[in-house]
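The sequence shown begins at 1 in this note's numbering and counts up by one. For each residue, glycine too, the CB sits at the ideal point set by N, CA and C. To start, the structure itself, in structure tokens.
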Amino acid sequence: MAQPVNLYSSNDMVGIREDLRDAIYDISPTETPLLTRLKKMKATARKHEWQTDALRSSANNANIEGADITPPAISPTTRLDNQVQMFVEAVTITDLDGSLKKAGRAKEMAYQMKRKIQVMKLDAERALYLNNAKVVGTDTVAGELAGAQTWFTTNTSNGGGGSDATGDGSDTRTAGTPRALTQTIFEGVMQAAWTAGGKPTEVFLHGDQMAVVTGFTGYNNQRTTLAAGSKTVVNAVDVFVTQWGTVKFKMCRECPSTEVFIMDPDMWSIGELQGMRNYELAKTGSSEKRALDWTWTLACHNEAASGLIADLS
1 MAQPVNLYSS
11 NDMVGIREDL
21 RDAIYDISPT
31 ETPLLTRLKK
41 MKATARKHEW
51 QTDALRSSAN
61 NANIEGADIT
71 PPAISPTTRL
81 DNQVQMFVEA
91 VTITDLDGSL
101 KKAGRAKEMA
111 YQMKRKIQVM
121 KLDAERALYL
131 NNAKVVGTDT
141 VAGELAGAQT
151 WFTTNTSNGG
161 GGSDATGDGS
171 DTRTAGTPRA
181 LTQTIFEGVM
191 QAAWTAGGKP
201 TEVFLHGDQM
211 AVVTGFTGYN
221 NQRTTLAAGS
231 KTVVNAVDVF
241 VTQWGTVKFK
251 MCRECPSTEV
261 FIMDPDMWSI
271 GELQGMRNYE
281 LAKTGSSEKR
291 ALDWTWTLAC
301 HNEAASGLIA
311 DLS
């Protein structure tokens, strides 16, 4: 049906106000499970140090009554270190911002700084998992922390041709031929950690590998069930019980899809030289400048308490 003659429709009208919701929708992931889980400790130098020690292996301890005692040699502790890394973000906003009426936020600076904090935490989460050797900072070179992959040497499973790093953060592990994650590989690393004296409690992994874990089986396999009268099907693994210990699985988007970290979080920590700061930069024009920085490193108290499955397809 045609419009009446000379109808003045909304298509002809000038001055209709825009229909813009006063909201901003963003589904960018912000979870940082490992960073959130690790304890923060104070660092007081750019090189953050700690020590590890280990008992000797058990042996036959039988002695003759009255015989002279010869003290055995004592092994010194092992002294380890990591370098701090400075994470920085900054924002510059025009001074006119305060006079503008915007949708979804009042002050642009506050909104952008909130987002910068989230991004910085994601960068930090990513740094924790990296196969990155420590770098000593200089006047021309940025200091870098050694990521978790560079510390594992005791309880590891590598693909063909893969090898562990030295274990002190000074170099990186060598990647091997990718292979599929299996329950046998997982339980093998759990057993190795138990044998070494470790008690890992949490597993950090990418969603790609979590899809494999849901296929793990057990004596009371009830992962895929349908309760009577319920319309909910359960096909997920949050807690996995093995003879070698019980662990919780935590998915992380920043975790490499090729590695699975079986960890005792109490044996790792964040060494903060300077906590996260939000401060104003010098004004050089008609704008407001603010910056964030956070200087810290990763400390691996004793890598034998955890395990790494690497080179996964």
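Less than 8 angstroms separating the beta-carbons of Met251 and Met210? yes
Whose CA, out of Thr140, Arg277, Ser306 and Glu272, lies closest to the CA of Ala48? Before going further, note that residue 48 is His rather than Ala in the sequence given. When only C-alpha atoms are compared, the closest one is Glu272.
Proximity of Met276 and Leu292 at Cβ, strictly below 8 angstroms: yes
With DSSP collapsed to three states, give me the class of Gln274. strand
Counting contacts by CB-CB distance shorter than 8 angstroms, is Thr92 in contact with chain C? This model lacks chain C altogether, as it is built from one protein chain only.
If you compare alpha carbons, which of Val135, Val239, Thr150 and Glu125 is closest to Pro29? Glu125
Report the CB separation of Gly159 from Thr177 in whole angstroms; it is logged as a contact under 8 angstroms. 4 angstroms
Are the stretch 200 to 208 and the stretch 240 to 258 touching by the rule of at least three beta carbon pairs closer than 8 angstroms? yes
Looking only at its own chain, which residues have a Cβ that is under 7 angstroms from the Cβ of Trp194, when we skip the five neighbours before and after it? Trp244 and Gly245
State the start and end residues of the unbroken beta strand (DSSP E) segment that holds Asp126. Reading off the sequence shown, one finds Arg at residue 126, where the question assumed Asp. Note, Arg126: premise wrong, no beta strand (DSSP E); alpha helix (DSSP H) at Glu108 to Tyr129.
Comparing alpha-carbon positions, which option in Ser269, Ala133 and Phe87 lies nearest Lys116? Phe87
What are the start and end residues of each continuous alpha helix (DSSP H) run of 4 or more residues lying completely inside the stretch 283 to 313, in chain order? none
On the criterion of 16 or more Cβ atoms from any shown chain inside 10 Å, does Glu259 qualify as buried, or is it exposed? buried
Residue environment, Lys121, which counts as buried when at least 16 other CB atoms sit within 10 Å: buried
Contact set for Leu38: own chain, Cβ-Cβ below 7 angstroms, skip 5 residues either direction: Pro265, Trp268, Ser269 and Ile270
Residues near Asn61 by beta carbon distance below 8 angstroms, same chain, minus five either side: none
Should Leu130 and Gln112 be called a contact, given that it needs their Cβ atoms to be closer than 8 angstroms? no
Mark Asp164 as exposed unless 16 or more other C-beta atoms lie within 10 angstroms of its C-beta, in which case mark it buried. buried
Using only the alpha-carbon positions, how far apart do Glu254 and Thr32 sit? 8 angstroms
Can you tell which of Asp19, Asp171 and His206 has its C-alpha closest to the C-alpha of Asn82? Asp171
What would DSSP say about Val247, mapped onto helix, strand or coil? strand
Are Arg46 and Gly143 close, meaning C-beta to C-beta below 8 angstroms? yes
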